[in-house]
Amino acid sequence: MTFMRNTLATAAVLGALAAAPYAHAADPCKLEISGNDLMQYDKSELSAPASCKEITVTLHHTGKLPKEAMGHNWVLVNAADLAAVATAGMGAGLASDYVAPGDPHVLAHTKTIGGGDTTSVTFPTSILKKGGAYQYLCTFPGHNALMHGTFKFG
Ligand code: CO
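Residue numbers (our numbering): 6 to 159.
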């Protein structure tokens, strides 16, 4: 009987643990994305509801390569500006996180990080239009062709 009770208690604890990640992930205004050493994001789409006053995007680099070789950032743009931002960022260099200083086409961006690092950016949703066509990309030279995705707001 003792064994049975313990088993049931353990099952209850495991159930609570399994539910916990969902409880933390319940804030729809905090988004997570990862980049790896194969020049890939783990998500091709991120979305946040119009009820968010601000959005935080946390970028994890799950690889091992340094940022000089396989740097990743997360840059939010209007979809039409992706190519222009990528080109301007390439020329800006690592010291500027591959984002041209003052680039008016950049809506929000993180730092550029290397393997094992994490960074995040928080921005107000007042800069977004509900239902707008947004994209995110990594502006490390040559990465945006593979590393981009759709950002949905609203
Ligand atoms: Co990258």
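We put the beta carbon where it would ideally sit given N, CA and C, even for glycine.
Mind listing, in chain order, the continuous beta strand (DSSP E) runs of no fewer than 3 residues lying wholly within the segment 64-109?
Segments of the beta strand (DSSP E) lying fully in the segment 64-109: 80-83.
Counting Cβ pairs, one atom from each stretch, are 3 or more of them under 8 Å apart for the segment 35-54 and the segment 96-110?
Contact fails: fewer than three Cβ-Cβ distances are below 8 Å.
At a cut-off of 8 Å, would you count F128 as near ligand 1, judging by its Cβ distance to the nearest heavy atom?
Numbered from 1 along the sequence shown, position 123 holds the residue referred to as residue 128. No, the beta carbon of F128 sits no closer than 8 Å to any heavy atom of ligand 1.
Taking 8 Å as the line, does the beta carbon of M95 fall inside it for any heavy atom of ligand 3?
In the structure on display, ligand 3 does not appear, and the ligands it does have are ligand 1.
Would the beta-carbon of H77 be found less than 8 Å away from any heavy atom of ligand 1?
For the purposes of this step, residue 77 is identified with residue 72 of the sequence shown, where counting begins at 1. Checking every heavy atom of ligand 1 against the Cβ of H77, one is found closer than 8 Å.
Beta-carbon within less than 8 Å of K69's beta-carbon, same chain only, minus the 5 sequence neighbours each way: which residues are those?
Position 64 of the sequence shown holds residue 69. Excluding sequence neighbours, K69 sits near D42, G120 and G121.
Would A97 and A105 be called neighbours here (beta carbons separated by less than 9 Å)?
The sequence position of residue 97 within the sequence shown is 92, counting from 1. The sequence position of residue 105 within the sequence shown is 100, counting from 1. Yes. Within cutoff.
For ligand 1, is there any heavy atom lying closer than 8 Å to the beta carbon of Y40?
Position 35 of the sequence shown, counting from 1, holds the residue named residue 40. Correcting the residue identity first, residue 40 is Gly in this sequence and not Tyr. Within the cutoff, so yes.
In the DSSP assignment, find the beta strand (DSSP E) that holds Y139 and state where it starts and stops.
Within the sequence shown, the letter at position 134 stands for residue 139. Counting along the chain, the beta strand (DSSP E) containing Y139 begins and ends at Y139 to L142.
Going by the CB atoms, is the gap between D32 and I38 shorter than 9 Å?
In the sequence shown, residue 38 corresponds to position 33, counting from 1. In the sequence shown, residue 32 corresponds to position 27, counting from 1. Taking 9 Å as the Cβ cut-off, I38 and D32 do not qualify as a contacting pair.
Comparing the CB of F145 with every heavy atom of ligand 1, is any distance shorter than 8 Å?
Along the sequence shown, read from residue 1 onward, the residue named residue 145 stands at position 140. Yes, Cβ of F145 sits closer than 8 Å to a heavy atom of ligand 1.
Measure the CB-CB distance between L87 and T123 and report whether it falls below 9 Å.
Position 82 of the sequence shown, counting from 1, holds the residue named residue 87. Position 118 of the sequence shown, counting from 1, holds the residue named residue 123. No. Outside cutoff.
Look at the alpha carbon of K58 and the alpha carbon of P71, and state the distance between them as a whole number of angstroms.
Here residue 58 refers to the residue found at position 53 when the sequence shown is read from its first residue. Here residue 71 refers to the residue found at position 66 when the sequence shown is read from its first residue. The alpha-carbon atoms of K58 and P71 are separated by roughly 34 Å.
DSSP puts L43 in a beta bridge; with which residues?
Locating residue 43 in the sequence shown gives position 38, counting from the first residue. Beta-bridge pairing links L43 to no other residue.
Rounded to whole angstroms, what's the CA-CA distance from K134 to F158? Just pull it up for me.
The residue you call residue 134 lines up with position 129 of the sequence shown. The residue you call residue 158 lines up with position 153 of the sequence shown. Near 7 Å, if we compare the C-alpha coordinates of F158 and K134.
Just the Cα atoms here: how many angstroms apart are V82 and Q140?
On the sequence shown, position 77 is the one that residue 82 refers to. On the sequence shown, position 135 is the one that residue 140 refers to. Going by the C-alpha atoms only, they are around 6 Å apart.
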